[in-house]
Every structure is written in structure tokens, then in C-alpha cells.
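What follows is a set of notes on a single structure, which appears directly below.
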Amino acid sequence: MSQADAVPATPRPIGWREFALLLAGLLIVTAPHALNAPWWLILLTVTLYVWRAAALWNRSLLPSRWILIVIVVLGTAGIWLEFRAIFGRLPGVMLLFMFSGLKLLESRDQRDAAAVVFLTWFLAITNFLYTQSIPTALGMCAAVATSIAALVTSAAPRRAPRANLRTAALLLGQAIPAALVLFLLFPRIQGPLWGLPQDSFAGVTGLSDTMAPGSLSQLSLSDAIAFRVEFKGQTPRRRVMYWRGPVLTDFDGRAWRLGYPNFAELEPPATGTSVAYTVLLEQHNRNWLFALERAASLPENARHLEDGQIVSLIPVRTRMRYEMVSKIEAEPRPAELRRVLERARRLPQDFNPRARALAEGWRAGAANDTEVLGRAIEHFRRERLQYTLEPALLGRDSVDEFLFVTREGFCEHFSSAFVFLMRAAGVPARVVTGYQGGDTNPVDGAYTVRQSDAHAWTEVYIGGNGWVRVDPTALSVPGRVDAGLARAVAVGDTLPLLLRPELEWLRTLRYNWEAMAHQWNLLVLGYNPDRQRELLSFFGIKDADWRDLASSLLALLGAFVLGLFAWMLRHMVRPDPVQVAWNEFCGKLGARGVPRSPHEGPRDYSERAARNLPAAGEPIRTIAELYITLRYGRHAAAEKVVELRQRVRELEFG
Amino acid sequence: MRIPSLSNLRFWPQLALWFQGGAAPGQGDVVISHRRVYIVPSRLGLYFGGTLAILLVGSINYALSLGFALTFLLAGMGLAAMVQTTRNLARLMVRVGRSEPVFAGDAARFRLEFANPGVHDRPEILVRHQSSGAQQTIDIAPADAAEAVLAVPADRRGWLPLGRVMLETRFPVGLFRAWSYAEPDSRCLVYPRPEASALPPLAPSDRAGGIRAHAQGSDDFSGLRGYQPSDSPRHVAWKSVARSDTLHPGSDDMLTKQFAGDAVAELWLDLGDLPASLGLETRLSRLTGWVLAAERAGAIYGLRLPGLRLEPGRGDAQRAACLEALALYQAP
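Protein chains in written order, with the working numbering: chain A, 18 to 671; chain B, 80 to 411.
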């Protein structure tokens, strides 16, 4: 082997075709990054690409090492100035972006071409940090195909380009079964392996842990999917679809915040209609999970908080799938901790004097909390407050201004005002955020909840009864809950694009696309260690650990390689079994000192051998006759071939 | 890695054959069995492995499902490439072509024909002679053959066996290096290195080493022969000398006009005529030079070696017979 290694690999300069393929691959993987890159970096990288193309015409244009070093130093400094960092996701990707131009520029031979290809793969995978959608996947597949074509071209530059493309396609096609096996069975580890840069998960829309006037209405303009649900039975009615999320207990006069409650063991509700469903939650980088009110089960690795919130023990950094059972219209749980109730009565002093006065009036005229609540509900029904996506800006006493001055607002205004009034009247109350409603995708029947379905409602504690859900928005604007946002807002308000009634065709298109994307999310992107265990238990391997995975993986990959090899050799001429047996026969006789001379025919040879080896004379003659019959006779019967093989194998010389 | 139980398979001879690596080669031909194709990752392949490892770690760390998919697609491509690289050599048939005799000091040109029994082409196969390093890259079309000519330096007279030939390929992506060895039964006859020296002088006797002159005419020009120091300057073919680059007596370029009557001269080249002090190889070299000169001169010549006598004659067959006898005389 060491001797074989001594063969010098003659460096072959990069040709036009190879360069075109390398450049095409790089352009595909860098194009999405160009959206995030500063203009000067795009200019620099494109210049480097063009420079290399020009150098193909004129070799002398290839820059010296010193020029390259200067470009590296200046470019890196520029990226540092731009992002104030070199590590981290974005600056790192930008560095790779620049290096793609530099590496291409300094590429001279086959080995450099391979380096460019490897760099292309790195850049391809960095695109998945931003999106793993179907179009991105297709684009990166195209880039991989192009880069493999470049590798083949550089390995066989004299071959017809069409043949090289075919070889690249064949390689990719043959890679798919192995890739599938690896994807399904490679032991998956839940990342991250080390601390991730701060900006790893930036820019995700979703509910937040505070609610100030305007925060939810901003969210309601987004068509982005919050989560998708597959109901195991009947889809519940829309008006009971309250997807409970973060519970906001603390109020500072302007914004509502999480109360930071403790973990709690909550009894599942005893009454209500059972609904089982699967949620595929988009990443939102927070811990909370969403479930229909009221949850009767808990997903794995999730806990209840005292306020009934469900939180995952790890932040939802990737799309997460969980099974849930909820009880619709369950009786509330009467008992509640004193500490929790205490906190649900707290209000900052000297805010909203008019609202406070109104609530105190109710309190004075009511015998108990239930009556106070009744009066509040009646007030909201009667007042006919307007529902709008574009509420007027509010000042310091936001509740007063909403209730008595502007009289229009979004759900956060309604819920905030209602809880304030209840607390001012001494009744424990809290704001609950989450999503209300959603729509069924007619294509795949999955229920889709979007950011525009974000909602805020309230819970009021009635002694002896428990926490009761009150949706003040629904009290004033019943259409919001029954028919959705589009029907509830005043005509002329800006609606999210897809909620506009006139764009029916666009909606249909979107439904189809989202149904496909949903399957993609479930089957491809949602494939994780849990799904892997499920798959193996489906094949009868219970509680698979990494050893089971590794052994089945290796077995399947081995079978793949052998199968592929056999398949590829199937076109080769098959050795003639008659000739094989004859050669074996000649070999045996040769070992006994009677080798066949090239000029000898089978009959002469066997005659000579039989004379020289008289002990085996008879079998030798029989074999020769068989061979002659099979070789030169008219019929070659299969059983004769078997007989020949057998006789040759059993030939003994006494 | 012979699997004995498999070679005894009766009912599935094809499979057993496949595991054994196919048929035993016929006479002269060598088939590269796929079991004799060795494969290791090339340096580029090691970098490829490193790249995959980094892509995998990145995918785990950022929980990128598509990152896994991309990494595994590339890994699968690597496996497919490994099989294809092996396939590029497997079942290749090596046929031995004719190699023309050469003189020692020249390069023996071994011709090997590589037949591709498959339906796929086999590009970029490096054929390399193990001991001399002579190499050539060939591409073989499907169901076709390509010839490689290996110029192996021939230093000593006698039979020069080809010896081991290595076949190597990195096709299709350069990530793997597959190689195999073949030892085709090919040999090349190497004549002794010819010494450029004048033919022996004319001697009146009929002892070997002399020219038996039956008649000497100087009237009818019949052709040219190599110059001998004893030739009259008037008979030197000065026109032909003027055309050549060298001018010194005894050089092969200097020719003497021959006239009718010379034709019957018979030249005996005898090893015994040369002093033993010269050493065998030098004497054989000189005889080789004489054979060439005599043939060129159109003389009728015979060769005498101890235990061997080639009757006088001329022409390619005589020349070849003499040279072969000289090449193989007590061949080392």
C-alpha cells in the first residue's frame, strides 16, 4: 500500500466546466445569505468570483498570497466593525460568505476544487439556521447536486460533460436509500452540545411574557402559524377553542407580567367533554405550551404551574410535537391557595381613578363576588365598546381612557380593563393570554392556529366555585369568538392579507401549501429522538438505545453497500460455469504434475492426464466427455452442468 | 476473506461464484476479481470525512433536521462513490498484447489490452508498472477495450518479464483510491546492446569471421554495404556520407558501394573469433552489432555460437533468429 501511495497525483488545473459548476453551487448557497450581508461584503465577494472567472482567461491574473492575506484581514475587520463580533451566528456566516470568494479565487487544481465544494456544503447547512422550509431544502439539494457534478468533472476532466452529469445524478440517486436509513436510524442526540451564540434564535414571533396595550394587536397582523393541531375525534366548536398560554398576574399600572408561580401538581378535571389531539408547536424560544382549556394530561417533560399554565422543561427552540387530552367546559376547581388569591387581588395605587370608582360602586351594591361579576359583565355588554386592530394610543390611565374616552380597543384592552375592574372590586382576577379559534385546513383537515388568532381573556375567582373564564372581548363583540377576527373588526381596518374575504383563491393556495408544509414539519423536521424510538418500537424494538440503533444502522448500510455492488456488477459478463469447472479441473491436474499445454485440446489433454494418473483415469475421461458435450454439443442441459461441477469437485487421485 | 461454506453452495452457483470473485482467468488473460480490488479513502476522502463530522456536530448542536438530512445525503453519496470506485476496476480483463523485441538499453514496450465487460464506461484508470514506474492513464468505453503501452527500460538481454502491474482509479469523485494488481503473462525479448563496430575484415580462409570471396568485381554496382576499413576509398558511397551527420570510419553511416560478385560473399559471425578476454557480454554485443551491420549491408551471414549454428542467410527472419540466439545465449 505504501508503494502504491507513491503514485504522484498530477495536479490538473481547473477548467471552464468545473469552474462553472463550482460557481453555480456557491451562488445557490450564498444567495440567501446575501439578504443579510452588508453591501460592501456582497460587492467584495462578487468581485472575487468575477476575478476568478477573468483569471480563467488569463492565468497571470491569479493573485499572489499577499494580496489574499490583505483581503482576509480587511474583510474580517470590516465584518467586525459591522457586527461588533466575529463569533456568533451572523458574523460567522458572513465570514464563510467572504471565504467562499477567497477560496474560489485561489483555486488552482483539483484539490482546491474539492475544498470549494466542501465550503459549499458548509454554506448550505448554514442556510438551515434561518429556515428549513421546503423551498430551502430544494435549493440546497440543487447546490449539492451541482457541487457533486463539479467533483466528478474534476476527477474525470477528459470525459464527456453529459456523462459526468449522469454520473453525478447516479451518485445522488444511489445516496438516497443510505441517506434515508441514516436519517431514520442514526442515534440522535438532543442538542445543543455547547452554549449557543446569543443570536441563535433571534427574531421569532409569538406571545410574550408581558402584555402592554398594543402588543397583541401587533401580533394579530401576522399570518405566521403558531401551531397546528390534529384532533383525534370531532373538532370542537370554535367558541370553546381557548388555547391557554401564559397567565399574567402582575400589573404595574401599564403592563401585565407573568406572576412567576411555582410548579404544582394539579388534579385533572373530573367533568367535561374529553378531547384528544396532537399539537405541532412552532418554535417560540419560551417554555410555555398551549392546550385547550382545561388540560387533563401533561406532555412528556412538561409541568403545571400554580396558575394552570403548562410549561416545557426546556425552551421550545425547535418545532415541538406533543399529545394532549383536554376537558372542554369542565367544572372549575374550587380550592385555591391563599397566596395565589392574594396576588390576584393586587393593584397599584393611584391609577385609573374613574374605573376604580366604578368598581367600588358595584362592590357596594352587591352581596357577593358573583353579583359583582354579573354587574361587570352587564356593563361590558351594554357599553358596546368598539373592537379595532388600530386602537388609539393611550396615556397613563389606560383603563380609564379605554372605558370612558376612546371606547375602542383590542383584546388586551378589554381583558386588562376587566381584570382591573374586578381587582378594584376586591375580586381575584387575572389575564390569560393564548390563542382563540383557528381554522381547519380543508386540504389535510389539520387545524391551524396563527399568530393572528392571539387573544387575551380573563379568569375570575368566585369563592366556592373556582376560577371562571370570562372573555370581555366576546361580551362586547360576540363575533370575535364565533366568526373570528375578520368579522369582528370595523370595516376599513387593515386585516392580515389572508383574512381578507376577497382573496379566496390565495387562501386555497395557501391551504394546500400549508398542508404540505405541515407534513414536512411533522415527518422531516419533527423527526427527533422520540419519533426515532416510536419508529423502532413499531418494528418491534422496544426501548431502543443507541446500541440497537447503531447495530441496525450498520446492518442496513452493509446490506446497502453489498446490494449496490451486486447490482452494479450485474451487467458484467457472467463467468461461464462450464469454463469455471473446466479451469478448476485443469488446475487440479496441474497440481498433480500434468498441466495443460496451450495447444492441447480437451480430448488430448484428458487422454494424457488419464495415462499419467491411471488411478483417476476413468473420472478424468468422464469429465472431459462431459465438458466436450457441454462445450461443443448442441444441448447444454443444466443438470449436466451441475454434474460436471460435482465431478470436478469430487475428483480424487487415489 | 474466503468463505468456505459459500464456495460449496450447490444450488446457487452464481452467488457462490460472485463471492469467489468470478471465473478463474483463461490462458494469458487476467480478470481483476472484485475481491482483489483494494480500496481506501484518499487524502481528499479523509478531508471529506472530517467535513461530514463537522456538519453532523453542527446539525446536532443547532437541532437542524435538514442539516442531518444534508449530512446523511453526503455520507450516502460517499458510500455510493466507494462502490462505484471499486466497480471501475472490478472484472476488468487484462489481455496481453505482442511486445516487439528491443535492444538492451532501450525501453521494452509492453502492450496490454484492458477489456471492459460492463455496460458502463471506466474512465481514469491509471496503469502503472510496479518496478519501473512506467504508467499511463486509460479510459475504456463500455464493452470495449483500451490499450496501454508501458515503456519499461530493458537493461539486460534475455527475456524481460513484465511483472506486476498496478491498476489504480479514483473515479468518480476522487474521495476513494481503489487499486489492484495484475501479473499478466507477458515477456519481451531483449537483444544484447549492439556495439557499433566494423564488420570483421575480409579473410581469405573460410574460417568463420571472414568473408569467403569467390569473386570480386568492380563493374556492376549492385548495392551498398557497411564500410570496412579495408575498402577502397573509391568505393565509399560519398553521397550517402554527405547526407549523414557523422563522419568517421567504421560508423554505421558510412557505406561502401557493392558490386556484383560481392553478393556471393558469405560472412560467418563466430563468438569464438572474439578474444575471450573481452568478456561474454561485450562479445555478444559486438556480434549483435555485426549482425545489424551485415543485414544492413545485405550480406549473407551465418552465426556460430558454442553449441549453436545458424546457417548463412539474410533478411528479417535471419536477423531475428541471430539476434534471438544472441539474446538467449547463456541468458542470465
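Heads up, the beta-carbon is just placed ideally off N, CA and C, and yes, glycines get one too.
Find the residues of chain A that neighbour residue i, judging by a C-beta separation of less than 9 Å, and give them in chain order.
i              : result
L153 (chain B) : W138, V161, I165, A192 and A196
L278 (chain B) : Here the premise fails: no neighbours, minimum Cβ distance about 40 Å.
F182 (chain B) : Under the 9 Å cutoff, chain A gives no residues; its nearest Cβ is about 28 Å from F182 (chain B).
Excluding the five sequence neighbours on either side, which residues of its own chain have a C-beta within less than 7 Å of the C-beta of residue i, listed in chain order?
i              : result
Y294 (chain A) : V246, E247, F248, K249 and M341
L73 (chain A)  : W33 and F36
R620 (chain A) : A641 and I645
T227 (chain A) : A272, W273 and R274
T127 (chain A) : The question names Thr, but residue 127 (chain A) in the sequence shown is Gln. Excluding positions up to five away in sequence, the list reads P28, R29 and S171.
P104 (chain B) : Only weak support exists for where P104 (chain B) lies, its pLDDT of 41 falling under 50; the value from the coordinates is given anyway. Contacts found: V110.
L188 (chain A) : I165
G543 (chain A) : L297, R336 and R338
List the DSSP bridge partners of residue i.
i              : result
S329 (chain A) : A:A319
G237 (chain B) : B:V269
T290 (chain A) : A:I345
H472 (chain A) : A:G451
P263 (chain A) : In the DSSP output, where bridge partners are listed per residue, P263 (chain A) has none listed.
R388 (chain B) : B:R383
A186 (chain B) : B:P232
P30 (chain A)  : A:D126
With 16 as the cutoff for other CB atoms within 10 Å, does residue i come out buried or exposed?
i              : result
D324 (chain A) : buried
F555 (chain A) : exposed
F2 (chain A)   : Nothing about residue 2 (chain A) can be read from this structure; chain A reaches only from 18 to 671.
Y66 (chain A)  : buried
P83 (chain B)  : Legend: pLDDT at P83 (chain B) = 39, less than 50; position of this residue unreliable, value from coordinates given subsequently. It counts as exposed.
T130 (chain B) : buried
E656 (chain A) : exposed
Y649 (chain A) : exposed
Q468 (chain A) : buried
L199 (chain A) : buried
N75 (chain A)  : exposed
D62 (chain B)  : The structure shown does not extend to residue 62 (chain B), since chain B is modelled only from 80 to 411, so the question has no answer here.
F431 (chain A) : buried
T47 (chain A)  : buried
A355 (chain B) : exposed
T288 (chain A) : exposed
P631 (chain A) : exposed
Y277 (chain A) : exposed
Q163 (chain B) : buried
K605 (chain A) : buried
Y181 (chain A) : Note that residue 181 (chain A) corresponds to Asn in the displayed sequence, not to Tyr. Classification of N181 (chain A): buried, given that the 10 Å Cβ count is 16 or more.
G223 (chain A) : buried
Residues of chain B with CB closer than 9 Å to the CB of residue i, please, in chain order.
i              : result
S171 (chain A) : V252 and G253
A131 (chain A) : L123, Y126, F127, V252, G253 and L254
I206 (chain A) : I139
A154 (chain A) : L145, A148 and L149
V665 (chain A) : The premise fails here: V665 (chain A) is roughly 12 Å from chain B at the closest Cβ pair, so nothing lies under 9 Å.
Excluding five sequence neighbours on each side, which residues of the same chain lie with their C-beta closer than 6 Å to the C-beta of residue i?
i              : result
A673 (chain A) : Residue 673 (chain A) is absent from the model: chain A starts at 18 and stops at 671.
L123 (chain B) : G253 and L254
N629 (chain A) : V611
R393 (chain B) : I379
E17 (chain A)  : The question about residue 17 (chain A) has no answer, for chain A in this structure spans 18 to 671.
R664 (chain A) : I640
Can you pull the chain A residues whose beta carbon is under 8 Å from the beta carbon of residue i, in chain order?
i              : result
T130 (chain B) : F135, W138 and F139
T165 (chain B) : F582
Along chain B, in chain order, which residues have C-beta atoms closer than 8 Å to that of residue i?
i              : result
W94 (chain A)  : Position check: residue 94 (chain A) holds Ala in this sequence, whereas Trp was assumed. Simply none; closest approach about 26 Å.
V578 (chain A) : L158, M161 and V162
Below 7 Å on C-beta distance, what does residue i contact in chain A?
i              : result
I111 (chain B) : Neighbours of I111 (chain B) on chain A: none; closest Cβ ~11 Å, over 7 Å.
V116 (chain B) : Per Cβ cutoff of 7 Å: no residues; V116 (chain B) is ~10 Å from chain A at best.
D223 (chain B) : The premise fails here: D223 (chain B) is roughly 13 Å from chain A at the closest Cβ pair, so nothing lies under 7 Å.
Closer than 7 Å by beta-carbon distance: list the chain B residues that pair up with residue i, in chain order.
i              : result
M533 (chain A) : Residues of chain B passing the Cβ test: none, with the nearest at roughly 16 Å.
Give the residues from the stretch 317-337 of chain A that approach chain B closer than 9 Å (Cβ to any Cβ), ordered along the chain.
Hits within the stretch, in order: R334, T335 and R336.
- Interface positions of the stretch 185-214 of chain B facing chain A (Cβ-Cβ less than 8 Å), listed along the chain: Residues of the stretch 185-214 of chain B with a C-beta atom less than 8 Å from some C-beta of chain A are P196, G197, V198, H199, D200, P202, E203, L205, R207, Q209 and Q214, listed in chain order.
Name, going along the chain, the residues of the stretch 526-555 of chain A whose beta-carbon falls closer than 7 Å to a beta-carbon of chain B. Here the close residues are V541, L542 and Y544.
- [ ] Taking only beta carbons into account, state which residues of the stretch 117-131 of chain A come closer than 8 Å to chain B, listed in chain order.
- [x] Under the 8 Å Cβ criterion, the stretch 117-131 of chain A contributes Q127, R128 and A131.
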